[in-house]
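Okay, so here's the structure we're looking at.
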Ligand SMILES: Cc1cc2nc3c(=O)[nH]c(=O)nc-3n(C[C@H](O)[C@H](O)[C@H](O)COP(=O)(O)OP(=O)(O)OC[C@H]3O[C@@H](n4cnc5c(N)ncnc54)[C@H](O)[C@@H]3O)c2cc1C
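Shown next as structure tokens:
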């Protein structure tokens with residue numbers, strides 16, 4: 038029988054999405070949010086709850102962006118190390134930036150536990166060392182965490198790693214006990230419900246084609262008419278297109294690809310990942326995987342390509358990447374494959390603030406599951422002028438590069454070099 042692979046994310050296949058709204062758009066609102074992912078919905082909840090009329094528009098159907106199609110892994114997600122931030126910004130500022138990463142996880146944990154509606158699981162993460170040298174660094178870092186930024190980490194030597202993973206691919210690793218996972222689409226729907234309960238109106242399949250300043254606010258052009266708004270938030274992350282060339286020059290869209298195996302049975306999955314944790318590793322070209330929520334499948338993701346839009350084209354590469362770690366899975370069938378566009382930034386930090394009067398919040402570098410709800414809510418508070426909205430990232434320059442206009446021509450050589458470094462095991 039031919040193997041038919043669905044290109045709908047596994048999490049979306051039975052999701053109870055609301056029907057498209059047919060109501061005419063309001064001609065005037067206080068707040069217009071562009072992008073209905075975790076960022077946009079979290080911001081909208083804040084502004085609507087404070088009594089500002091809030092409209093959220095999304096170009097695609099709900100969940101068209103990353104927020105329905107990610108790996109659901111929740112971890113401390115500030116990419117630069119404390120020491121590199123310290124060298125750049127000084128100790129105090131570096132500390133505060135790193136704290137935001139911890140606060141984002143705490144924020145999502147409390148949100149998830151309030152309603153228990155997004156499949157929150159606290160199984161932790163095993164972070165595998167790709168080389169013995171990486172293991173040495175990891176073990177040293179785990180034992181000398183900056184004071185006040187500690188995470189619960191256990192070092193797992195290679196001889197003991199079968200307790201975490203039925204593979205000899207790694208040279209040991211570390212368990213991050215505070216890491217968790219969510220069902221990405223259930224989290225999206227939970228944030229949608231919260232935004233709507235606060236009074237926000239969310240309309241999908243309605244792209245904003247242009248925004249113009251009109252003196253006391255903005256006018257947004259959509260296929261369903263012009264909407265005037267006092268404030269506008271751009272929450273378009275890896276899908277930031279020509280709407281705002283300034284932002285497009287500052288985020289680097291990169292494809293992230295995932296596959297789900299056919300149901301393998303819970304015993305077989307447990308045998309592969311005995312503690313049911315998330316798994317990622319220390320290679321430069323990222324892979325991440327975990328058991329599905331029902332424990333029946335392995336969900337495996339990574340940067341299998343840079344800009345390939347057809348997820349099916351990446352299946353052979355992802356299967357190969359998975360089989361290098363789990364030769365046991367060499368001949369299992371893949372049932373689902375999907376892709377989404379994450380947003381990297383040139384300094385690998387998220388950015389939020391205002392440019393030419395338009396608010397923005399984006400650039401989570403592939404780790405927005407905890408960061409996007411958290412910073413989305415902060416930018417919503419900033420739009421309200423609340424001091425709770427202040428973050429350690431406020432006021433950071435949002436860097437671009439000469440000759441970069443949204444087409445990352447430099448990615449192919451960089452990723453080629455990273456793959457080479459990974460392959461030689463440096
Ligand atoms: C395969 C994959 C796996 C991932 N795994 C993880 C993970 O395990 N852990 C983790 O932390 N992060 C992960 N991520 C990243 C995470 O999903 C994102 O960082 C996060 O969802 C970003 O949320 P967002 O709301 O900012 O953007 P998105 O959810 O991408 O939403 C942006 C929205 O803007 C809309 N838009 C764009 N232009 C317009 C316009 N002109 N008008 C109207 N709407 C517009 C788009 O349609 C889109 O819906 C993964 C991403 C992918 C793709």
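In the working numbering, the protein residues as written are 38 to 463. Using N, Cα and C, we set each Cβ at its ideal position, and we do this for glycine too.
Mind checking whether the beta-carbon of residue 245 lies closer than 8 Å to any heavy atom of ligand 1? In the chain shown, residue 245 corresponds to position 208, counting from 1. Yes, Cβ of residue 245 sits closer than 8 Å to a heavy atom of ligand 1.
Residues in its own chain within less than 7 Å of residue 394 by CB, not counting five upstream and five downstream? The residue given as residue 394 occupies position 357 in the chain shown. Cβ neighbours of residue 394 beyond the five flanking positions: 250.
According to DSSP, is residue 105 part of a helix, a strand, or is it coil? If you number the chain shown from 1, residue 105 lands on position 68. In this structure, residue 105 counts as helix in the three-state DSSP scheme.
Is residue 357 helix, strand or coil by DSSP? As a first step, residue 357 is located in the chain shown; it is residue number 320 there, counting from the start. If DSSP states are grouped into helix, strand and coil, residue 357 belongs with the helices.
Can residue 117 be considered in contact with ligand 1, in the sense that its beta carbon sits closer than 8 Å to one or more heavy atoms? What you label residue 117 is simply residue 80 of the chain shown in a count that begins at 1. Flag unset: Cβ of residue 117 not near ligand 1.
One or two residues paired with residue 20 in a DSSP bridge: Outside the modelled stretch of the chain, which goes from 38 to 463, sits residue 20, for which no answer is possible.
DSSP three-state assignment for residue 79, whether helix, strand or coil: In the chain shown, the residue the question calls residue 79 occupies position 42. Residue 79: helix per DSSP, three-state reduction.
Return yes when the Cβ of residue 313 is within less than 9 Å of the Cβ of residue 338, no when it is not. Locating residue 338 in the chain shown gives position 301, where the first residue counts as 1. Locating residue 313 in the chain shown gives position 276, where the first residue counts as 1. Contact flag unset, no.
Ligand 1 and residue 120: does any heavy atom of the ligand fall closer than 8 Å to the residue's C-beta? The residue given as residue 120 occupies position 83 in the chain shown. No, the beta carbon of residue 120 sits no closer than 8 Å to any heavy atom of ligand 1.
Residue 142 to residue 410 span [Cα, whole Å]: The residue you call residue 142 lines up with position 105 of the chain shown. The residue you call residue 410 lines up with position 373 of the chain shown. Computed Cα separation, rounded: 10 Å.
What's the gap between the Cα of residue 228 and the Cα of residue 149? Taking the first residue of the chain shown as position 1, residue 228 is located at position 191. Taking the first residue of the chain shown as position 1, residue 149 is located at position 112. Distance between the alpha carbons of residue 228 and residue 149 is about 10 Å.
How many Å lie between residue 255 and residue 353 at the Cα? Looking up residue 255 in the chain shown gives position 218. Looking up residue 353 in the chain shown gives position 316. If you take the alpha carbons of residue 255 and residue 353, they lie about 47 Å apart.
Which residue wins for smallest C-alpha separation from residue 432, given the options 289, 69, 80, 126? The residue labelled residue 432 in the question sits at position 395 within the chain shown. Comparing Cα-Cα distances from residue 432 to each of 289, 69, 80, 126, the minimum goes to 126.
Here's the rule I'm using: 16 or more other beta-carbon atoms within 10 Å means buried, otherwise exposed. How should residue 96 be labelled? Here residue 96 refers to the residue found at position 59 of the chain shown. Per the 10 Å Cβ criterion, buried.
Going by CA-CA distance only, name the one from 377, 136, 247 that's closest to residue 106. Locating residue 106 in the chain shown gives position 69, counting from the first residue. Of the candidates 377, 136, 247, the one whose C-alpha sits nearest the C-alpha of residue 106 is 377.
Unbroken alpha helix (DSSP H) run spanning residue 140, endpoints: For this step, residue 140 is matched to residue 103 along the chain shown. Segment 128-152, the alpha helix (DSSP H) holding residue 140.
Closer than 8 Å: residue 342 CB and nearest ligand 1 heavy atom: On the chain shown, residue 342 is found 305 positions in, with the first residue counted as 1. Because no heavy atom of ligand 1 lies under 8 Å away, the Cβ of residue 342 does not count as near it: no.
Here's the rule I'm using: 16 or more other beta-carbon atoms within 10 Å means buried, otherwise exposed. How should residue 447 be labelled? Start at 1 with the first residue of the chain shown, and residue 447 comes out as number 410. Of the residues assessed, residue 447 falls on the exposed side of the cut-off, its CB having fewer than 16 other CB atoms within 10 angstroms.
Per-residue DSSP class, three states only, for residue 326: Residue 326 sits at position 289 when you count from the first residue of the chain shown. Strand, per DSSP.
Looking at residue 104 and ligand 3, is the gap between the Cβ and the nearest heavy atom below 8 Å? Ligand 3 is not part of this structure, which contains only ligand 1.
Opposing strand residues paired with residue 318 [DSSP bridges]: Here residue 318 is taken as the residue at index 281 of the chain shown, counted from 1. Bridge partners of residue 318: 165.
In chain order, what residues of the same chain lie with their CB nearer than 8 Å to the CB of residue 283, ignoring the 5 residues before and after it? In the chain shown, residue 283 corresponds to position 246, counting from 1. 392, 393.
Per DSSP, residue 298 forms a beta bridge with which residues? If you number the chain shown from 1, residue 298 lands on position 261. Bridge partners of residue 298: 371.
Verify the contact flag: residue 51, CB atom, against every heavy atom of ligand 1, threshold strictly below 8 Å. Here the question's residue 51 lines up with position 14 in the chain shown. Outside the cutoff, so no.
Start and end residues, alpha helix (DSSP H) containing residue 414: The count along the chain shown starts at 1 and reaches residue 414 at position 377. Per DSSP, residue 414 belongs to the alpha helix (DSSP H) from 405-420.
Closer than 8 Å to a non-hydrogen atom of ligand 1 - does that hold for the CB of residue 375? Here residue 375 is taken as the residue at index 338 of the chain shown, counted from 1. Answer for residue 375: yes, Cβ within range of ligand 1.
By a C-beta neighbour count over all protein chains shown, 10 Å radius and 16 as the cutoff for buried, is residue 38 buried or exposed? Position 1 of the chain shown holds residue 38. Here the model assigns residue 38 a pLDDT of 49, short of 50, so the residue's position is not dependable and the matter cannot be decided.
Measure how close the beta-carbons of residue 294 and residue 341 come, nearest whole angstrom, since I'm counting them as under 8 Å. Taking the first residue of the chain shown as position 1, residue 294 is located at position 257. Taking the first residue of the chain shown as position 1, residue 341 is located at position 304. Their Cβ separation, rounded to whole angstroms, is 4 Å, which keeps residue 294 and residue 341 in contact under 8 Å.
Out of curiosity, what's the CA-to-CA distance linking residue 76 and residue 57? Taking the first residue of the chain shown as 1, we reach residue 76 at position 39. Taking the first residue of the chain shown as 1, we reach residue 57 at position 20. The alpha-carbon separation between residue 76 and residue 57 amounts to approximately 20 Å.
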